[in-house]
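For the sequence shown, position 349 (counting from the first letter as 1) is numbered 508 according to my numbering, and the numbering increases by one without interruption.
Beta carbons are placed, not taken as given, at the ideal position from N, Cα and C, and that holds for glycine.
Below: the structure, in structure tokens.
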Amino acid sequence: MLIRGGRVVTSGGEQDADVLVVDGKITEVRPGIDAGADVIDATGLLVLPGVVDPHTHLLLDTGTARTADDFESGSLSAAAGGVTTYLDFAPQLPGQTFAQALAARLELIDGRSYVDYGIHLNITSLAQGWERELDALVDAGVTSAKVYTTYRDTIFYADDWTWLRLMERSGRAGLLVQVHAENDAIVVGKTQELLKQGKSALAYHGASRPAFAEVEAVSRGLMFSRETGSPVYFVHLSTPRSVDLVTAARGDEGIQAMAETCPHYLVLDDSVYARSDAGRFVMTPPLRDRVNQSQLWTRLTGGAIHTVGSDHCGFAVADREGIDDFSRVSPGVPGVETSLLLMYSVGVLDHRMKLRQLVRLLSTNPAKIFGLWPRKGDIQPGFDADLVLFDPRPKGVLAASELHSRAGFSPYEGLTVTGKVHTTICRGRVIYRDGAVIGDRGFGRFLKCRPFDPEMVPL
Numbered sequence: 160m161l162i163r164g165g166r167v168v169t170s171g172g173e174q175d176a177d178v179l180v181v182d183g184k185i186t187e188v189r190p191g192i193d194a195g196a197d198v199i200d201a202t203g204l205l206v207l208p209g210v211v212d213p214h215t216h217l218l219l220d221t222g223t224a225r226t227a228d229d230f231e232s233g234s235l236s237a238a239a240g241g242v243t244t245y246l247d248f249a250p251q252l253p254g255q256t257f258a259q260a261l262a263a264r265l266e267l268i269d270g271r272s273y274v275d276y277g278i279h280l281n282i283t284s285l286a287q288g289w290e291r292e293l294d295a296l297v298d299a300g301v302t303s304a305k306v307y308t309t310y311r312d313t314i315f316y317a318d319d320w321t322w323l324r325l326m327e328r329s330g331r332a333g334l335l336v337q338v339h340a341e342n343d344a345i346v347v348g349k350t351q352e353l354l355k356q357g358k359s360a361l362a363y364h365g366a367s368r369p370a371f372a373e374v375e376a377v378s379r380g381l382m383f384s385r386e387t388g389s390p391v392y393f394v395h396l397s398t399p400r401s402v403d404l405v406t407a408a409r410g411d412e413g414i415q416a417m418a419e420t421c422p423h424y425l426v427l428d429d430s431v432y433a434r435s436d437a438g439r440f441v442m443t444p445p446l447r448d449r450v451n452q453s454q455l456w457t458r459l460t461g462g463a464i465h466t467v468g469s470d471h472c473g474f475a476v477a478d479r480e481g482i483d484d485f486s487r488v489s490p491g492v493p494g495v496e497t498s499l500l501l502m503y504s505v506g507v508l509d510h511r512m513k514l515r516q517l518v519r520l521l522s523t524n525p526a527k528i529f530g531l532w533p534r535k536g537d538i539q540p541g542f543d544a545d546l547v548l549f550d551p552r553p554k555g556v557l558a559a560s561e562l563h564s565r566a567g568f569s570p571y572e573g574l575t576v577t578g579k580v581h582t583t584i585c586r587g588r589v590i591y592r593d594g595a596v597i598g599d600r601g602f603g604r605f606l607k608c609r610p611f612d613p614e615m616v617p618l
């Protein structure tokens, strides 16, 4: 395969060049390649590394609800959005070992994904012998694990003692601990207080999970990292105060801490909770005000935020309609298909960032942090031929009816955008082209991630 005539963009810069692909690998990147290969004309298109989405929730079962997207529809949606690798979560159910949790998840995915995938483990408890289990988990290619500091009454929660003990071991084992950072006592207390006052409407969702609940949990996570010497990665940060804590810890104390945010915190704000369809915007942490959003953009473009993940968690719109009680709506929104488009439209075209920074946030940094480098996240010889041909010219309006998620809605419905994914290539195979999925279900492979390497952490 020869991709000819495009504008190749990596985290290091841009050039007009051709890309030669042999046996699923990139072999040459330079102008004027002349080879006997099938040619894809990329004239007028941007050639980007495939998006590495570090944060998706496909076939998530909370015990009371299940996301609309499974690994077939979710990975199809990913491919249509230029995502060639996603990292999903294996929940550790009560009584399960780490190995059992991983095996159960891989069985659900096997033969269903259109693009490649990795796994984070959602650790909830540490049974006798867990240290050996952790080492075996890393050997199996699962080198990151998530703890939830909230949702105490669900299968996902891990208490502070579990979290701290995990971090006492994780750094030496080569495992990166991810944190959903919200102080559970504050969230529960605020929620109960609001409900007792009769303030159950969706307009109060943000008040039930205030920004300082996130800030406190981030502070706690940094303290654990400081005490244990283990790295920590904070998912879906929604407020600049949290990001500033991470930045200060990295700069003043050399703590290996990383920050992720999501497109919804950069594109939407809490005014949507006053709308009649407010249930479509319930996620945790909640959306914040416009001042907060502007400051979050400043941190992102200044390099204080390391990755942008979709946090794709699409519960069906039918499960949300008619519910005007924030405590009864399953939180989460679809987004794996729209991340690249939104970050290009709102980030690059609005002159907040350059293309190379877009690539760094969506592809290169996630690949480096989660042990997929030097296989994913760049366009250079030896890497997998995971490529997105992106057309920067078309203008349109986002509509859920044109997306591939089974959620039946998009929180970005009606938003004017520029650009579209023209072609998505995973390991040299065209998966999506010009509005049609032409790849094979089951083509996607499980990726064994390398142990966490602090040298890969972006400065």
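Rounded to whole angstroms, the separation of the alpha carbons of P540 and L207 is 14 Å. Less than 9 Å divides the Cβ of L425 from the Cβ of V505.
Counting only the Cα atoms, K184 lies some 42 Å from R447.
If you look at G233, you'll find it isn't in any beta strand (DSSP E); it sits in the alpha helix (DSSP H) that goes F230 to A239. A buried status is given to W322, since no fewer than 16 other beta-carbon atoms sit within 10 Å of its beta-carbon. Ranking G473, V181 and A526 by CA distance to the CA of G536 puts A526 first.
Excluding five sequence positions before and after N524, the CB atoms of its chain that fall closer than 6 Å to its own CB belong to H465, T466 and P617, given in chain order. Rounded to the nearest angstrom, the gap between the Cα atoms of E187 and L404 is 42 Å. Among the bridge pairs identified by DSSP, I199 is matched with I162.
Counting only the Cα atoms, V167 lies some 6 Å from E173. In the DSSP annotation of this structure, the continuous segment of the beta strand (DSSP E) that includes M417 starts and ends at A416 to T420. Nearest to I414 by alpha-carbon distance, out of F568, P613 and R588, is P613. Here G555 is bridged, per DSSP, to V576. By the Cβ criterion, the region 598-610 is in contact with the region 294-305, since at least three pairs of Cβ atoms, one from each stretch, lie closer than 8 Å. Between A295 and the set S329, Y276, K305 and Y316, the nearest pair of CA atoms involves S329. In the three-state DSSP reduction, N281 falls in the strand class (E or B). Contact between L514 and G209 is absent: CB atoms are separated by about 15 Å, not below the 8 Å threshold. By the C-beta density criterion, V507 is buried, having at least 16 other C-beta atoms within 10 angstroms.
For F371, the number of other beta carbons within 10 angstroms of its own is below 16, and it is reported as exposed.
For T186, the enclosing beta strand (DSSP E) stretches over residues K184 to R189. DSSP places D294 within a helical segment (H, G or I) once states are collapsed to three. The region 481-565 is shown to contain whole alpha helix (DSSP H) runs of 4 or more residues at 498-501, 514-518 and 524-528, in chain order. Here T398 is actually not in contact with A463; their C-beta atoms are around 12 Å apart, not less than 8 Å. Rounded to whole angstroms, V596 and F393 show a C-alpha spacing of 33 Å. Under the three-state reduction of DSSP, L204 is assigned to coil, being neither helix nor strand. Inter-residue distance for V488 and G473 is about 12 Å (C-alpha atoms, whole angstroms). T350: member of the alpha helix (DSSP H) spanning D343 to K355, first to last residue.
D197 and A475 have their alpha carbons spaced roughly 41 Å apart.
Here G594 is exposed. Its C-beta has fewer than 16 other C-beta atoms within 10 Å. Per DSSP, reduced to three states, the secondary structure at P613 is helical.
At a Cβ-Cβ threshold of 9 Å, G468 and P213 count as neighbours. Annotation for I590: no alpha helix (DSSP H) segment contains it, though the beta strand (DSSP E) segment containing it runs R588 to R592. In this structure, the straight-line span from the alpha carbon of D182 to that of I538 is close to 15 Å. The shortest CA-to-CA distance from G348 to any of Q337, S367 and A340 is the one to S367.
In the DSSP assignment, D403 falls within the unbroken alpha helix (DSSP H) covering P399 to E412.
Assignment of I597 by DSSP, reduced to helix, strand and coil, places it in the coil class.
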